[in-house]
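J.:
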Amino acid sequence: MVSDLSFVNEAGNGCVIYRETTGSYVVGLRRKPTQRRKVPTLACAYATCQDLGAEAPINGAPTGGACGDTISSQD
Numbered sequence: 003m004v005s006d007l008s009f010v011n012e013a014g015n016g017c018v019i020y021r022e023t024t025g026s027y028v029v030g031l032r033r034k035p036t037q038r039r040k041v042p043t044l045a046c047a048y049a050t051c052q053d054l055g056a057e058a059p060i061n062g063a064p065t066g067g068a069c070g071d072t073i074s075s076q077d
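Numbers given in the working numbering equal positions in the sequence shown, counted from 1, plus 2.
#1: Tell me which residues share the same chain as L44 and place their Cβ nearer than 7 Å to its Cβ, disregarding the 5 neighbours each side in the sequence.
#2: From E12 to T36, what distance separates their C-alpha atoms?
#3: State the Cα-Cα distance for the pair E22 and N15, rounded to the nearest angstrom.
#4: The beta strand (DSSP E) that contains G30, what's its start and end?
#5: Let me make sure I understand the geometry here. Which of G25, S8 and C51 has the alpha-carbon closest to that of K34?
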């Protein structure tokens, strides 16, 4: 089932956050539009943005594994 996305915010690192009609959040970088992560909370969305924008994972920050799964919307 496809759910509609509503724009929530764009972080300074080019990360965009959308909210699904199901209540989950979809997070991704503008420079990699085909790689997105689905996370359960807004806090996880912002933490995932930090992680996605970092050169290396940020210690102690929730990552896709802790917050959700990668969504490959396009190839």
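Glycine included, each C-beta is placed from N, C-alpha and C at the ideal position.
Keep in mind that this is a model prediction, so the values were computed, not measured.
T.: Reading from the atomic positions:
#1: The residues are Y27.
#2: 17 Å
#3: 22 Å
#4: Counting along the chain, G30 sits inside the beta strand (DSSP E) bounded by residues Y27 to L31.
#5: Minimum Cα distance to K34 is reached at C51.
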